[in-house]
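First up is the structure itself, then whatever we jot down about it.
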Amino acid sequence: MLVAVPAPVAQDVERDLCATAAGRACRVLRVETPPEPLPEGLLVLWDHGGPLEAVKARCQWVHARRLPTRSWLVVLTSRDGAEAEVLNEAGADECVAPPGTLWGARIAALRRRSADGDAQALRRTRDIFQGALDAVPEPLFVKDREHRYVAVNSAFCRLMGQSVETLRGNVSSSVIPAHEAELSWRQDERAFTTGQTVEDEGGFTDMKGRSCEVLTQRAAYTLPNGERFVVGLVRDVSERSRLETQRRLAERMTSVGTLAAGVAHEINNPLSYVTSNLAYLWERVAQPVVPAEQLEELRQVVAEALEGAGRVRSIVRDLRTFSRVEEESHGPVDVQRAVDGALKLMRDEIQHRARLTCELEPVAAVLGNEGRLGQVVTHLLLNALQAFGERPAEENLLRVRVRPGREGHVLIEVEDNGQGMPGDVRQRIFDPFFTTRSPKGGTGLGLSICLTLVHAMGGHIEVASEQGQGSLFRVELPALTAQAEASKPVVLAVPADGAAQAVRATRNLRRLLLIDDEPAVGSAVSRLLRNLYDVHVIQDAREALKRLSHGERFDAILCDLMMPGMSGMDFLVELERLAPELAPRTGLMTGGVNPQAREFVGRRAKELLEKPFERDQLCTFVETLMQ
Numbered sequence: 018m019l020v021a022v023p024a025p026v027a028q029d030v031e032r033d034l035c036a037t038a039a040g041r042a043c044r045v046l047r048v049e050t051p052p053e054p055l056p057e058g059l060l061v062l063w064d065h066g067g068p069l070e071a072v073k074a075r076c077q078w079v080h081a082r083r084l085p086t087r088s089w090l091v092v093l094t095s096r097d098g099a100e101a102e103v104l105n106e107a108g109a110d111e112c113v114a115p116p117g118t119l120w121g122a123r124i125a126a127l128r129r130r131s132a133d134g135d136a137q138a139l140r141r142t143r144d145i146f147q148g149a150l151d152a153v154p155e156p157l158f159v160k161d162r163e164h165r166y167v168a169v170n171s172a173f174c175r176l177m178g179q180s181v182e183t184l185r186g187n188v189s190s191s192v193i194p195a196h197e198a199e200l201s202w203r204q205d206e207r208a209f210t211t212g213q214t215v216e217d218e219g220g221f222t223d224m225k226g227r228s229c230e231v232l233t234q235r236a237a238y239t240l241p242n243g244e245r246f247v248v249g250l251v252r253d254v255s256e257r258s259r260l261e262t263q264r265r266l267a268e269r270m271t272s273v274g275t276l277a278a279g280v281a282h283e284i285n286n287p288l289s290y291v292t293s294n295l296a297y298l299w300e301r302v303a304q305p306v307v308p309a310e311q312l313e314e315l316r317q318v319v320a321e322a323l324e325g326a327g328r329v330r331s332i333v334r335d336l337r338t339f340s341r342v343e344e345e346s347h348g349p350v351d352v353q354r355a356v357d358g359a360l361k362l363m364r365d366e367i368q369h370r371a372r373l374t375c376e377l378e379p380v381a382a383v384l385g386n387e388g389r390l391g392q393v394v395t396h397l398l399l400n401a402l403q404a405f406g407e408r409p410a411e412e413n414l415l416r417v418r419v420r421p422g423r424e425g426h427v428l429i430e431v432e433d434n435g436q437g438m439p440g441d442v443r444q445r446i447f448d449p450f451f452t453t454r455s456p457k458g459g460t461g462l463g464l465s466i467c468l469t470l471v472h473a474m475g476g477h478i479e480v481a482s483e484q485g486q487g488s489l490f491r492v493e494l495p496a497l498t499a500q501a502e503a504s505k506p507v508v509l510a511v512p513a514d515g516a517a518q519a520v521r522a523t524r525n526l527r528r529l530l531l532i533d534d535e536p537a538v539g540s541a542v543s544r545l546l547r548n549l550y551d552v553h554v555i556q557d558a559r560e561a562l563k564r565l566s567h568g569e570r571f572d573a574i575l576c577d578l579m580m581p582g583m584s585g586m587d588f589l590v591e592l593e594r595l596a597p598e599l600a601p602r603t604g605l606m607t608g609g610v611n612p613q614a615r616e617f618v619g620r621r622a623k624e625l626l627e628k629p630f631e632r633d634q635l636c637t638f639v640e641t642l643m644q
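Shown next, in the form of structure tokens:
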């Protein structure tokens, strides 16, 4: 402590100060004598160090004037900066014999009063700090370098379901599940090590099992003494996530609804003359004798029915593009086929809204997912059609181009002469939920989805547009290298060729086991193949395994992939155990495949015959198995 006292009692006072200050070192200040008149007995102290001559001079000054007892203040200053004031008294008599015991008592009492004041000030500061934290409406926490909570507000306590006393001094792993605590620890470390604001979003579960979706922002800071802390602000975004999910679903349903209307129109047209021709054919073959002059007409009826069925098959094949959108597999994608598939799906909508021009140049394949690329093109087409508003179709122009881009890239362009966009709209066009349409015109996710999907394929998308001048959307994707093309995955369809005629010529009726849970499929395939093979049809894969376990053998097996009870995947696994020599001669066919089944087929390097198939495709596929 620093204190100014009269010289005769300096040592006694210093000992007393040392005792009351819990052993902290003390030294004595020099007191500078104030000018006359003495302002209310107050002396100003200066930390100059040195002897106590000034204090002695002050006592002598009071004594020489025969003044009554005068008092003044002495400032006590500790080395850590804390200050206190001591009331000192001196009179003519006291200057001769200063009462040292009185000095010590007064100093000790004042020190106790000073400590009480410091504690009160500390409590007040702490209350102000905690009040400020609690006034923040969103959960807030502060952690030290050991990841312990040192301060939290009431909103954070409510989120955690814990009290301030429980949280303070604990780490996250003591109040939340271990996997979430590990993520929290990593994000804290990122804030400490990078010195940047760290933001993450994820699930949060308190110790009572209640969960929500939260967005947490963290930032580290350092005190003057070098201590480091991280402060975090937590926002409950569960409601926002729920609304985003609903809006995404609404956007998807809008797209699906548009596609469904177009698909229904495209399927119903050929289906109408397929069913009409089949009904006419049924009437004619029901006659005991068909006149020779009607045979040519009947052949024409059958040809038209087959052509209509082929159109329906083509539409279904295009729809598979979208059924595979959720798959994570990537491989070579035929850009022309993906664009052409999207155009076919949108054909009915386009022909009633605009005049279409297509320029599809030969380009290299790209690495990605055909379903995702088809979805991108479909969203761009929908966006272009919406840009025409209510104008007559003959005034609307829609141009789709596929061409080589800069070196090693492929360009897809969708251009319209619609209403275009001003600059402020153009800057936000890819933002989620941003739309200039009416509430019934969409939720504003289409172009945001396009941006996400294009980036996932390593490409980028841009738009050029001016108000009243239409818009041009350009998608640029990196072309697939020759090396990647060489590693193309398993072919999932067998091209037609003349193998069926060669098989028919041999008349070698080898044994074929056909497993399909759909009786009509089994009957149709059996009729197509019965002059070529000895076909045995079974509807249950478990029955087929039973016959194989009894020693029955076949030259090849054709099994449907997706069946109730036992699927084609399960059948093949059991077959590899029961009759491994037949596994390489077993083929799978399907009318639709989920990601798990497609991964299974690819892992076992099995070819897959996709329904619907033509006769030559079926014969070629089976003959490949036989060989």
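The opening residue of the sequence shown carries number 18 in the working numbering; numbering runs sequentially from there.
Idealized CB from N, CA, C, for every residue including glycine.
Treat the numbers as computed from the prediction; the structure is a model and nothing was measured.
Look at Asp-433 and Ser-488 and say whether their C-beta atoms are less than 8 angstroms apart. With respect to the 8 angstroms criterion, Asp-433 and Ser-488 are classified as neighbours on the basis of their beta carbons.
Between the alpha carbons of Gly-9 and Gly-619, how many angstroms are there, rounded? What is shown of the chain runs 18 to 644, which leaves residue 9 out entirely.
Considering only C-alpha positions, which residue in the set Thr-211, Arg-143, Glu-163 is nearest to Glu-244? Nearest to Glu-244 by alpha-carbon distance, out of Thr-211, Arg-143, Glu-163, is Glu-163.
The alpha helix (DSSP H) that contains Glu-479, what's its start and end? Per DSSP, Glu-479 belongs to no alpha helix (DSSP H); it is in the beta strand (DSSP E), 477-482.
Please report the Cβ distance between Asn-400 and Leu-464, rounded to the nearest whole angstrom; I am assuming they are in contact, meaning their Cβ atoms lie under 8 angstroms. Confirmed, about 6 angstroms.
With DSSP run on the structure shown, which of helix, strand or coil describes Tyr-297? Three-state DSSP puts Tyr-297 in a helix.
Taking buried to mean at least 16 other C-beta atoms within 10 Å of its own C-beta, is Leu-390 buried or exposed? Label assigned to Leu-390: buried.
Pair within 8 angstroms by beta-carbon distance, Val-350 and Val-394: Against a cut-off of 8 angstroms, the Cβ pair of Val-394 and Val-350 comes out as no contact.
Val-169 to Val-181, Cα distance in whole Å? Going from the Cα of Val-169 to the Cα of Val-181 covers about 7 angstroms.
Beta carbon of Leu-157 nearer than 8 angstroms to that of Leu-250: With contacts defined as CB atoms closer than 8 angstroms, Leu-157 and Leu-250 qualify as a contacting pair.
Between which residues of its own chain and Trp-202 is the CB-CB distance below 7 angstroms, once the five residues before and five after are set aside? The beta carbon of Trp-202 lies closer than 7 angstroms to those of His-164, Ser-189 in the same chain, with the five residues before and after it left out.
Would you kindly work out how many angstroms separate the C-alpha atoms of Arg-528 and Gln-644, rounded to a whole number? CA-to-CA, the gap between Arg-528 and Gln-644 works out to about 13 angstroms.
Taking Arg-594 as the reference, give the member of Leu-575, Gln-311, Leu-562 with the closest Cα. Ranking Leu-575, Gln-311, Leu-562 by Cα distance to Arg-594 puts Leu-562 first.
Looking at the unbroken beta strand (DSSP E) that takes in Met-606, where does it start and where does it end? Boundaries of the beta strand (DSSP E) around Met-606: 603-607.
What are the residues that DSSP puts in a beta bridge with His-553? His-553 is bridged to Leu-530.
Separation of Leu-176 from Pro-629, as counted between CA atoms: Approximately 56 angstroms, taken between the alpha carbons.
With a threshold of 16 other CB atoms inside 10 Å of the CB of Ala-208, please say whether the residue is buried or exposed. Only buried fits Ala-208, as 16 or more other CB atoms lie within 10 angstroms of its CB.
CA-to-CA distance, Ala-326 to Ala-596, given in whole angstroms: Whole-angstrom Cα-Cα distance: 38 angstroms.
Use the C-beta contact count for Asp-448: other C-beta atoms within 10 angstroms, 16 or more gives buried, fewer gives exposed. Label assigned to Asp-448: exposed.
Beta-carbon gap between Leu-377 and Val-431 smaller than 8 angstroms: No, they are not a contact pair.
For the beta strand (DSSP E) containing Val-427, name the first residue and the last one. Residues 426-433.
Chain-order list of residues whose beta-carbon lies under 7 angstroms from that of Leu-526 (same chain, five-residue window excluded): Excluding positions up to five away in sequence, the list reads Tyr-550, Asp-551.
Find the nearest neighbour of Gln-436 within the set Ala-404, Ile-466, Val-442, judged by alpha-carbon distance. Out of Ala-404, Ile-466, Val-442, Ala-404 has the C-alpha closest to the C-alpha of Gln-436.
Cβ of Val-542 versus every heavy atom of the ligand ADP: is any distance shorter than 7 angstroms? Because no ligand of any kind appears in the structure shown, any question about the ligand ADP cannot be addressed here.
When you compare the stretch 479-486 with the stretch 438-445, are there three or more beta-carbon pairs, one atom per stretch, that lie closer than 8 angstroms? Taking a cut-off of 8 angstroms on C-beta distances, the stretch 479-486 touches the stretch 438-445, as three or more cross pairs fall below it.
For Glu-256 and Ala-236, what's the separation of their Cα atoms in angstroms? Spanning the two alpha carbons is a distance of roughly 25 angstroms.
Consult DSSP for Gly-539 and reduce its assignment to one of helix, strand or coil. Taken through DSSP and simplified to helix, strand or coil, Gly-539 comes out as helix.
Give every residue of the same chain whose Cβ lies closer than 7 angstroms to the Cβ of Asp-151, excluding the five residues on either side of it in the sequence, and list them in chain order. Correct list, in chain order: Asn-170, Ser-171.
Under 8 angstroms by Cβ, that's how I've got Leu-468 and Gln-392 pegged, so tell me the actual separation to the nearest angstrom. Between Gln-392 and Leu-468 the Cβ distance is about 12 angstroms, and since that is not below 8 angstroms, they are no contact.
Using a threshold of 8 angstroms, state whether the C-beta atoms of Arg-632 and Leu-575 are closer than that. Cβ atoms of Arg-632 and Leu-575: not closer than 8 angstroms.
Using a 10 Å radius around the Cβ and a threshold of 16 neighbouring Cβ atoms, would you call Gln-368 buried or exposed? With fewer than 16 neighbouring CB atoms inside 10 Å of its own CB, Gln-368 falls in the exposed class.
Check this for me: beta carbons of Arg-185 and Val-167, under 8 angstroms apart or not? Yes.
Might you give, ordered along the chain, the residues of its own chain that have their beta carbon closer than 6 angstroms to the beta carbon of Leu-578, omitting 5 neighbours on each side? Excluding positions up to five away in sequence, the list reads Gly-585, Leu-605, Thr-607, Ala-614.
Suppose you measure from the CA of Tyr-290 to the CA of Arg-330; what does that come to, to the nearest Å? A straight-line Cα-Cα distance of about 15 angstroms links Tyr-290 and Arg-330.
Please classify His-396 as buried or exposed, where buried requires at least 16 neighbouring CB atoms within 10 angstroms. Buried, by the Cβ-count rule.
Contiguous alpha helix (DSSP H) assignments of at least 4 residues, all confined to the stretch 167-205: The stretch 167-205 contains these whole alpha helix (DSSP H) runs: 171-177, 181-184.
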